[in-house]
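If you count the sequence shown from 1, position 47 lands on 64 in the working numbering, and the numbers rise without skipping. What follows is a short report on a single structure.
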Amino acid sequence: MTKGLEKILTDGLKAILADPAGAVIGVDFDGTLAPIVPDPESARIHPAGPGVLARLGDLVGSLVVITGRPAATAVEYGSLDRVPGLVVLGHYGLERWEAGRLTTPPVHPGLAYVRAELPRLIAGLDGVRIEDKDRSVAVHTRQAPEPQAAIDALRAPIGVLAAETGLAVEPGKFVLELRPPGVDKGGTLTAFLRERSARSVLFAGDDLGDVAAFAAVRASGLPGVTVFSGSAEVGAELGAEADIVVDGPAGVIELLDSIADALTGP
18 MTKGLEKILT DGLKAILADP AGAVIGVDFD GTLAPIVPDP ESARIHPAGP
68 GVLARLGDLV GSLVVITGRP AATAVEYGSL DRVPGLVVLG HYGLERWEAG
118 RLTTPPVHPG LAYVRAELPR LIAGLDGVRI EDKDRSVAVH TRQAPEPQAA
168 IDALRAPIGV LAAETGLAVE PGKFVLELRP PGVDKGGTLT AFLRERSARS
218 VLFAGDDLGD VAAFAAVRAS GLPGVTVFSG SAEVGAELGA EADIVVDGPA
268 GVIELLDSIA DALTGP
């Protein structure tokens, strides 16, 4: 047992260590495996991430990344094709990447109208940018002179646009994402736990979209652990929901590495 892990050894972690073959380890991507950056297209996994994930994936029952990004993008930005057995569930679970194969649903018809209307909605808002994820579209205000004021100004018109097109709005850290309704990280994690006949679960996340996954861990009835990847921007709300708080992606990778150390022994 590593000294760092001994200090935070919850019942859920004990269950994972006692029966790793029955464990599902789930993680978000941005802010959890990859540091948050001003330009989402420049996000990349923590340098130690692929190696630690590959090591852990050989030791536990299932390893899954659940992200709002397209699955293929997360695989590329995370070098996740180097992690044997890993499953990537993109667009909150609409897409699935496994063993090099990508499964995707049809694109929601309302997104074409959203793409046409969003440039008009953000006109005059300096630093606000649109990220087209193919099956969803996100509006980022991180680079605006006043990011929070820009988000606040956009909430109502983007809410109207969502209602007009039958899409849902997913809020995050200085981002509003329009995506197909009826899917979130909580439902996706619940279904994956059932698919894998999980006997314990850990999920790590950093943003409001991960609250549903934390709730799914608690509702699963399994020994579980929730991990908050802390940041200066979002902390109190999600941190209060978590069993363990770590210092960003570096802290997540360190925790996962410590679990692998504990499973391999001295």
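We treat Cβ as the ideally placed atom computed from N, Cα and C, and that holds for glycine.
For residue i and residue j, what's the separation of their Cα atoms in angstroms?
i	j	result
proline 126	glycine 183	9 Å
proline 188	arginine 146	15 Å
serine 275	serine 96	21 Å
lysine 202	glycine 78	20 Å
valine 54	alanine 38	35 Å
glycine 222	glutamate 134	31 Å
proline 198	isoleucine 175	15 Å
valine 81	arginine 172	31 Å
threonine 158	alanine 71	34 Å
valine 234	threonine 207	8 Å
proline 123	lysine 24	46 Å
glycine 265	valine 69	16 Å
threonine 90	glutamate 181	28 Å
arginine 211	isoleucine 168	37 Å
threonine 120	valine 92	13 Å
lysine 150	aspartate 278	37 Å
threonine 282	alanine 170	One point to set straight first is that residue 282 is glycine, not threonine, in the sequence displayed. So the two alpha carbons sit approximately 53 Å from each other.
alanine 185	leucine 128	11 Å
Indicate whether residue i and residue j have their beta-carbon atoms separated by less than 8 Å.
i	j	result
glutamate 194	alanine 166	no
serine 217	alanine 40	yes
isoleucine 314	glycine 110	Missing from the structure shown is residue 314; the chain here goes from 18 to 283 and no further.
arginine 99	proline 136	no
leucine 76	leucine 280	yes
alanine 32	proline 164	no
aspartate 260	glycine 85	no
leucine 272	valine 263	yes
valine 105	alanine 116	no
leucine 142	alanine 161	yes
Report the three-state DSSP secondary structure of residue i (helix, strand or coil).
i	result
histidine 108	helix
glycine 226	helix
arginine 137	helix
leucine 26	coil
leucine 103	coil
threonine 120	strand
valine 155	According to the sequence shown, residue 155 is alanine rather than valine. Three-state DSSP puts alanine 155 in a strand.
glutamate 115	strand
aspartate 36	coil
glutamate 148	strand
Hey, out of the options, whose CA is closest to residue i's CA?
i	options	result
glycine 43	Ile25, Pro52, Phe209 and Arg72	Phe209
arginine 61	Ile175, Thr49, Val69 and Glu148	Thr49
alanine 267	Ala65, Glu93, Ile33 and Ala35	Ala65
alanine 215	Asp36, Glu148 and Asp227	Asp36
glycine 102	Asp278, Arg213 and Lys24	Arg213
leucine 219	Gly282, Pro52, Arg159 and Val244	Val244
aspartate 227	Leu255, Pro123 and Arg211	Leu255
arginine 132	Asp45, Trp114 and Arg196	Arg196
proline 52	Ile168, Tyr94, Ala229 and Asp169	Tyr94
alanine 230	Thr27, Thr121, Asp45 and Ile25	Asp45
glycine 107	Val242, Arg152 and Asp224	Arg152
valine 192	Pro57, Leu26 and His63	Pro57
glutamate 258	Ile270, Asp169, Ala180 and Val242	Val242
leucine 225	Lys190, Ala185, Leu73 and Ala170	Lys190
histidine 63	Gly74, Ile270, Asp278 and Ala277	Ile270
Would you say residue i lies against chain C (beta-carbon separation less than 8 Å)?
i	result
aspartate 227	Absent from the structure: chain C. Only one protein chain is present.
Contained alpha helix (DSSP H) runs [length at least 4] in the region 41 to 80, N- to C-terminal order: 66 to 74
Length at least 4, wholly inside the region 181 to 245: the alpha helix (DSSP H) runs in chain order: 202 to 212 and 228 to 236
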